[in-house]
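Peer 1: Dropping the structure in here first, questions after.
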Amino acid sequence: MTRFAYPEGCFHIEPTPAQPQVAHCYGFFVFHHLRGKGLGHDLKQKQMSVLRGLGYDYATCTVDSNNQAQMRVLLWAGWDLLAEFKNSKTGGVTELWGCAIKKDAA
Ligand SMILES: CC(C)(COP(=O)(O)OP(=O)(O)OC[C@H]1O[C@@H](n2cnc3c(N)ncnc32)[C@H](O)[C@@H]1OP(=O)(O)O)[C@@H](O)C(=O)NCCC(=O)NCCS
380 MTRFAYPEGC
390 FHIEPTPAQP
400 QVAHCYGFFV
410 FHHLRGKGLG
420 HDLKQKQMSV
430 LRGLGYDYAT
440 CTVDSNNQAQ
450 MRVLLWAGWD
460 LLAEFKNSKT
470 GGVTELWGCA
480 IKKDAA
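The working numbering applies: residue 380 is where the sequence shown begins, and numbers increase by one.
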């Protein structure tokens, strides 16, 4: 488990088993008392920078279909909705999102 922590929140990034050029991101959150101030966007940019720095080519994450704030964060950062499925654990709908990781300009 690889956890990254910043003053505004935290996230995890793991290589996908058998395809280590694809990262799976999870556990992304802004500290409760700091939410609604635009820091979700800021933290996502830090995550994108970490993904570039670690040399990943592509990243995925999942999000509950009711989580409008996280969807705004993903869309703003250039992520795409790939698929959705009925989640037999939550009873809700879970979305799978993905993003190609652009390399830093040389
Ligand atoms: C999702 C989360 C990271 C967003 O962080 P945040 O700092 O609260 O969000 P921001 O202030 O940066 O706002 C991001 C966007 O979401 C919108 N938003 C914020 N709170 C919202 C809410 N409760 N409902 C709908 N939209 C909301 C903002 O208006 C903004 O939209 P914009 O880009 O159109 O201006 C944060 O709410 C959080 O940690 N939630 C709990 C954990 C979680 O759900 N993590 C995601 C797991 S996949």
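Quick reminder that beta carbons are idealized off the backbone N, C-alpha and C, glycines included.
Remember, predicted model here, so these are calculated numbers, not experimental data.
Provide the residue(s) that pair with His403 in DSSP beta bridges, ordered along the chain.
Peer 2: Note: His403 sits in a beta bridge opposite Glu393 and Thr439.
Peer 1: Going by C-alpha to C-alpha distance, which of His403, Pro386 and Phe410 sits closest to Ala438?
Peer 2: Residue His403 is the option with its Cα nearest to Ala438.
Peer 1: With a threshold of 16 other CB atoms inside 10 Å of the CB of Phe464, please say whether the residue is buried or exposed.
Peer 2: Per the 10 Å Cβ criterion, exposed.
Peer 1: Return yes when at least one heavy atom of ligand 1 lies under 7 Å from the C-beta of Trp455, else no.
Peer 2: Within the cutoff, so yes.
Peer 1: Give the straight-line distance between the Cα atoms of Arg414 and Arg451, rounded to the nearest whole angstrom.
Peer 2: Computed Cα separation, rounded: 13 Å.
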